[in-house]
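Asker:
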Amino acid sequence: MTVRSLPVLLSDEVAADPHAFYAELRAASPAHYDDSVGGYLVSRYEDVARIYRDPTFTTRSYAWQLEPVHGRTLLQMDGREHSRRRAVASPHFRGKGLDRWLPVLASNAAMVIDQLVERNAHRLVDRLDQDEPIDLMTEFANYFPVYVIADMLGLDRGDHATFHRWYTTVVRVISNLGRDPELIEEGRRTRAEIREFFVPLFERRRREPGEDLISALATAEVDGFRMTAEEVCAYVSLLLVAGAETTDKTFGSLFANLLEEPERWERVRADRELLTMAVAETLRFSPPTQINTRETAEATTVGAVEIPRGATVLTLIGSANRDPNRFRDPDRFDLDREDLAPNTAFTGAADHLAFGAGRHFCLGAMLARGELHVGTEAFLRRYPGLRLAGPRPPDVGVKMRGPSSVPVRLRPAS
Ligand code: HEM
Numbered sequence: 008m009t010v011r012s013l014p015v016l017l018s019d020e021v022a023a024d025p026h027a028f029y030a031e032l033r034a035a036s037p038a039h040y041d042d043s044v045g046g047y048l049v050s051r052y053e054d055v056a057r058i059y060r061d062p063t064f065t066t067r068s069y070a071w072q073l074e075p076v077h078g079r080t081l082l083q084m085d086g087r088e089h090s091r092r093r094a095v096a097s098p099h100f101r102g103k104g105l106d107r108w109l110p111v112l113a114s115n116a117a118m119v120i121d122q123l124v125e126r127n128a129h130r131l132v133d134r135l136d137q138d139e140p141i142d143l144m145t146e147f148a149n150y151f152p153v154y155v156i157a158d159m160l161g162l163d164r165g166d167h168a169t170f171h172r173w174y175t176t177v178v179r180v181i182s183n184l185g186r187d188p189e190l191i192e193e194g195r196r197t198r199a200e201i202r203e204f205f206v207p208l209f210e211r212r213r214r215e216p217g218e219d220l221i222s223a224l225a226t227a228e229v230d231g232f233r234m235t236a237e238e239v240c241a242y243v244s245l246l247l248v249a250g251a252e253t254t255d256k257t258f259g260s261l262f263a264n265l266l267e268e269p270e271r272w273e274r275v276r277a278d279r280e281l282l283t284m285a286v287a288e289t290l291r292f293s294p295p296t297q298i299n300t301r302e303t304a305e306a307t308t309v310g311a312v313e314i315p316r317g318a319t320v321l322t323l324i325g326s327a328n329r330d331p332n333r334f335r336d337p338d339r340f341d342l343d344r345e346d347l348a349p350n351t352a353f354t355g356a357a358d359h360l361a362f363g364a365g366r367h368f369c370l371g372a373m374l375a376r377g378e379l380h381v382g383t384e385a386f387l388r389r390y391p392g393l394r395l396a397g398p399r400p401p402d403v404g405v406k407m408r409g410p411s412s413v414p415v416r417l418r419p420a421s
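What the sequence shown shows, in the working numbering, is residues 8 to 421, in sequence order.
1) Are the Cβ atoms of residue 172 and residue 75 separated by less than 7 Å?
2) In chain order, what residues of the same chain have a beta carbon less than 6 Å from the beta carbon of residue 236, not counting five sequence neighbours either side?
3) Closest to residue 367 by CA distance: which of 17, 84, 406 is it?
4) With a threshold of 16 other CB atoms inside 10 Å of the CB of residue 326, please say whether the residue is buried or exposed.
5) Could you tell me how far apart the beta carbons of residue 28 and residue 148 are, in whole angstroms, since I believe they sit closer than 8 Å?
6) Expressed to the nearest angstrom, what Euclidean distance is found between the alpha-carbon atoms of residue 51 and residue 263?
7) What is the DSSP secondary structure of residue 407, counted as helix, strand or coil?
8) Taking 6 Å as the cut-off, is the beta-carbon of residue 240 closer than that to any non-hydrogen atom of ligand 1?
9) From what residue to what residue does the alpha helix (DSSP H) around residue 19 run?
10) Is any heavy atom of ligand 1 found at a distance shorter than 6 Å from the C-beta of residue 93?
11) Let me confirm a value: residue 358 is counted as buried when at least 16 other C-beta atoms fall within 10 Å, else exposed. Which label applies?
12) Kindly confirm or deny that the segment 241-260 and the segment 292-301 touch, where touching means at least three C-beta pairs closer than 8 Å.
13) Express the C-alpha separation of residue 383 and residue 417 in angstroms, rounding to a whole number.
14) Rounded to the nearest angstrom, what separates residue 185 and residue 304 at their Cα positions?
15) Within the same chain, show all residues whose beta-carbon is closer than 7 Å to that of residue 333, passing over the 5 residues directly before and after it, in chain order.
16) Helix, strand or coil for residue 415 per DSSP?
17) Does DSSP classify residue 232 as helix, strand or coil?
18) What are the complete alpha helix (DSSP H) segments, minimum 4 residues, inside the segment 35-111?
19) Give me the Cβ distance between residue 397 and residue 414, rounded to the nearest whole Å; I'm assuming they're in contact under 8 Å.
20) Mark residue 278 as exposed unless 16 or more other C-beta atoms lie within 10 angstroms of its C-beta, in which case mark it buried.
21) Do you know how far the Cα of residue 69 is from the Cα of residue 371?
22) Out of curiosity, what's the CA-to-CA distance linking residue 267 and residue 313?
23) Using only the alpha-carbon positions, how far apart do residue 25 and residue 298 sit?
24) Run through DSSP, which three-state label would residue 245 get?
25) Can we count residue 264 as close to ligand 2, meaning its CB is less than 6 Å from some heavy atom?
26) Is residue 267 helix, strand or coil when you go by DSSP?
27) Should the segment 278-288 be called in touch with the segment 337-353, which here means at least 3 C-beta pairs below 8 Å?
28) Specify, as a first and last residue, the run of the alpha helix (DSSP H) that residue 381 falls within.
29) Less than 8 Å between the CB atoms is what I'm expecting for residue 160 and residue 230, so what's the real figure, rounded?
30) Under three-state DSSP, which class holds residue 238?
31) Assign residue 155 to one of two classes, buried (16 or more other C-beta atoms within 10 Å of its C-beta) or exposed (fewer than that).
32) What does a CB cutoff of less than 6 Å around residue 202 pick up in its chain, not counting 5 residues either side in sequence?
33) Restricting to Cα atoms, I'd like to know which of 198, 315, 319 is closest to residue 41.
34) Per DSSP, which residues does residue 301 bridge with? Please list them.
35) In the DSSP assignment, what are the bridge partners of residue 314?
36) Identify the residues that DSSP records as bridge partners of residue 395: which are they?
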């Protein structure tokens, strides 16, 4: 194996099997300059985990990745600007603060999330009562997380088709590692549409705030000032997208991982404690976000490789999570894994890196936990005999990855 034989990241070969490529990178070139994206691919667990926590690796890269479509968001900010704005939304995503806006009073955050999510889960699951194979993605996973975040933002679920169109465009734009100008333009058009939709809503909620998250953002004070309409729109548009595509793909991977060997599904059915492990192991084995980007604030090194100031660095989460120096037998989906603690899998102390780490650690991790648990639980109860309707569906995508469809039979074929 030589470095010269390595393909480029944006190639059909890598898209077909990124894990073979990642294994080569980890062994031969752990900070590897890639021509197709014009940046350094960092593949080892230890390096990726450090980069998320080291301020030399800034999130300025999001200026070209996200700004055309969202405007300036949390992800691009650092220091006080970031912490003050993150602090506006974070109480709504964990702990007792959820009580402030949810119509349901509950004693703890998990219960509140679960109830909100459960309402959506049951409505969707109930209408799937049929014998023909269905696609879990188009019938369930593409809707459910968007409904949940739409509820939290106080949006009308009737506009779901519009949100879905936006977030699929946004995901294409933020996955645009090759910086295709047409996609950047498409992002700008979508941003304008999102603004047109949200600005009047923002103004109404500021005048007459409700219990929802848009009202909370529109009326919050940051350092004595209210956020502008522009800032709140960027925030809302990030939440809508960050909360949809990631959870949607995780559902697809979780069901594919469990149903690929029906014995796994049966084990989880018999012992619900295993569900937390199944979700945590899915986040390690099949993280929906496979790659994040950073930009170096100064010249630095990763491994023995010198990286200049202003360089783009790509953190390969999909690779780090399968680094054999961190996880034993990493290419195996293992419900009995001892080197992955399920109970910290949704916190900054997680062993896997699916939610990133450090300052920008996923704001919605606890919400995602609630959605994944309640959504899966609904299927376990209502369709205990759930099976794949064919072989394991292939994963697609490089930046974001997961199965695009998961055909299943809700009951065993008679
Ligand atoms: C399984 C589901 C999810 C995964 C795997 C995931 C993954 C991630 C990752 C990797 C980051 C870090 C990005 C970086 O450092 O460059 C992140 C940040 C973020 N996520 Fe998630 N996410 C998920 C669900 C959600 C949900 C449900 C929401 C909210 C509704 C959400 C909102 C956010 C926000 C706002 C940030 C930016 C935080 C900041 O910059 O401080 N995510 N997520």
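Glycine is no exception: its CB is placed at the ideal position from the N, C-alpha and C atoms.
Model, not experiment: these values are computed from the prediction.
Answerer: Walking through what the data contain:
1) Residue mapping note: residue 172 aligns to position 165 of the sequence shown, counting from 1. Residue mapping note: residue 75 aligns to position 68 of the sequence shown, counting from 1. No, the pair does not count as a contact, with Cβ atoms beyond the cut-off.
2) In the sequence shown, the residue the question calls residue 236 occupies position 229. Close CB contacts of residue 236 within its chain, under the 6 Å cut and outside five residues either way in sequence, are with 206, 209 (chain order).
3) Along the sequence shown, read from residue 1 onward, the residue named residue 367 stands at position 360. Just measuring C-alpha positions, the residue of 17, 84, 406 sitting nearest residue 367 is 84.
4) If you number the sequence shown from 1, residue 326 lands on position 319. Buried.
5) Translated into positions along the sequence shown, residue 28 becomes position 21. Translated into positions along the sequence shown, residue 148 becomes position 141. By a beta-carbon distance limit of 8 Å, residue 28 does not contact residue 148. Their separation comes to about 27 Å.
6) In the sequence shown, residue 51 corresponds to position 44, counting from 1. In the sequence shown, residue 263 corresponds to position 256, counting from 1. Distance between the alpha carbons of residue 51 and residue 263 is about 26 Å.
7) If you number the sequence shown from 1, residue 407 lands on position 400. DSSP places residue 407 in the strand class (E or B) of the three-state scheme.
8) Looking up residue 240 in the sequence shown gives position 233. Checking the Cβ of residue 240 against ligand 1 gives no.
9) The residue labelled residue 19 in the question sits at position 12 within the sequence shown. Judged by DSSP secondary structure, residue 19 falls within the alpha helix (DSSP H) whose first and last residues are 19-23.
10) Taking the sequence shown and counting its residues from 1, one reaches residue 93 at position 86. Taking the Cβ of residue 93 as the reference point, at least one heavy atom of ligand 1 falls within a distance shorter than 6 Å.
11) Indexing the sequence shown from 1 puts residue 358 at position 351. Buried is the call here.
12) As far as the Cβ criterion goes, the segment 241-260 touches the segment 292-301, which means the pair count is three or higher.
13) For the purposes of this step, residue 417 is taken as residue 410 along the sequence shown, with counting starting at 1. For the purposes of this step, residue 383 is taken as residue 376 along the sequence shown, with counting starting at 1. Those two C-alpha atoms are separated by around 13 Å.
14) By 1-based counting over the sequence shown, the position of residue 185 is 178. By 1-based counting over the sequence shown, the position of residue 304 is 297. In this model, residue 185 and residue 304 are separated by some 22 Å (Cα to Cα).
15) Here residue 333 is taken as the residue at index 326 of the sequence shown, counted from 1. Sequence-distant partners of residue 333 (beyond 5 residues in either direction) whose C-beta falls short of 7 Å from its own C-beta, in its chain, are 52.
16) Sequence index remark: in the sequence shown, residue 415 carries index 408 (1-based). Secondary structure of residue 415 (DSSP, three-state): strand.
17) What you label residue 232 is simply residue 225 of the sequence shown in a count that begins at 1. Residue state for residue 232 is assigned as strand, using DSSP reduced to three classes.
18) Within the segment 35-111, the alpha helix (DSSP H) runs of at least 4 residues that lie entirely inside it are, in chain order, 52-60, 69-72, 74-77, 86-96.
19) Taking the first residue of the sequence shown as 1, we reach residue 397 at position 390. Taking the first residue of the sequence shown as 1, we reach residue 414 at position 407. Indeed they touch by this definition, with Cβ atoms about 6 Å apart.
20) Counted from its first residue, the sequence shown places residue 278 at position 271. So residue 278 ends up on the exposed side.
21) As a position in the sequence shown, residue 371 is number 364, starting the count at 1. As a position in the sequence shown, residue 69 is number 62, starting the count at 1. Their Cα atoms are separated by approximately 19 Å.
22) Within the sequence shown, the letter at position 260 stands for residue 267. Within the sequence shown, the letter at position 306 stands for residue 313. Roughly 42 Å between the two C-alpha positions.
23) Here residue 25 refers to the residue found at position 18 when the sequence shown is read from its first residue. Here residue 298 refers to the residue found at position 291 when the sequence shown is read from its first residue. CA-to-CA, the gap between residue 25 and residue 298 works out to about 11 Å.
24) Residue 245 sits at position 238 when you count from the first residue of the sequence shown. Residue 245: helix per DSSP, three-state reduction.
25) Within the structure as shown, ligand 2 is missing, the only ligands being ligand 1.
26) As a first step, residue 267 must be located in the sequence shown, where it is residue number 260. It is helical.
27) Yes, they touch.
28) Sequence index remark: in the sequence shown, residue 381 carries index 374 (1-based). That run of the alpha helix (DSSP H) goes 372-389.
29) Taking the sequence shown and counting its residues from 1, the one referred to as residue 160 is at position 153. Taking the sequence shown and counting its residues from 1, the one referred to as residue 230 is at position 223. Contact flag wrong, Cβ pair sits at about 24 Å.
30) Within the sequence shown, residue 238 is the residue found at index 231, counting from 1. When DSSP states are grouped into helix, strand and coil, residue 238 belongs to the helix group.
31) Along the sequence shown, one-based indexing puts residue 155 at 148. In the assembly as shown, residue 155 is a buried residue. Its beta-carbon has 16 or more other beta-carbons within 10 Å.
32) Locating residue 202 in the sequence shown gives position 195, counting from the first residue. Closer than 6 Å at Cβ, skipping near neighbours: 240.
33) The count along the sequence shown starts at 1 and reaches residue 41 at position 34. The shortest Cα separation from residue 41 among 198, 315, 319 belongs to 319.
34) Here residue 301 refers to the residue found at position 294 of the sequence shown. DSSP, once it has assigned bridges, lists 320 as partnering residue 301.
35) As a working mapping, residue 314 is identified with position 307 in the sequence shown. Beta-bridge pairing by DSSP links residue 314 to 307.
36) Residue mapping note: residue 395 aligns to position 388 of the sequence shown, counting from 1. DSSP lists 415 as partners of residue 395.
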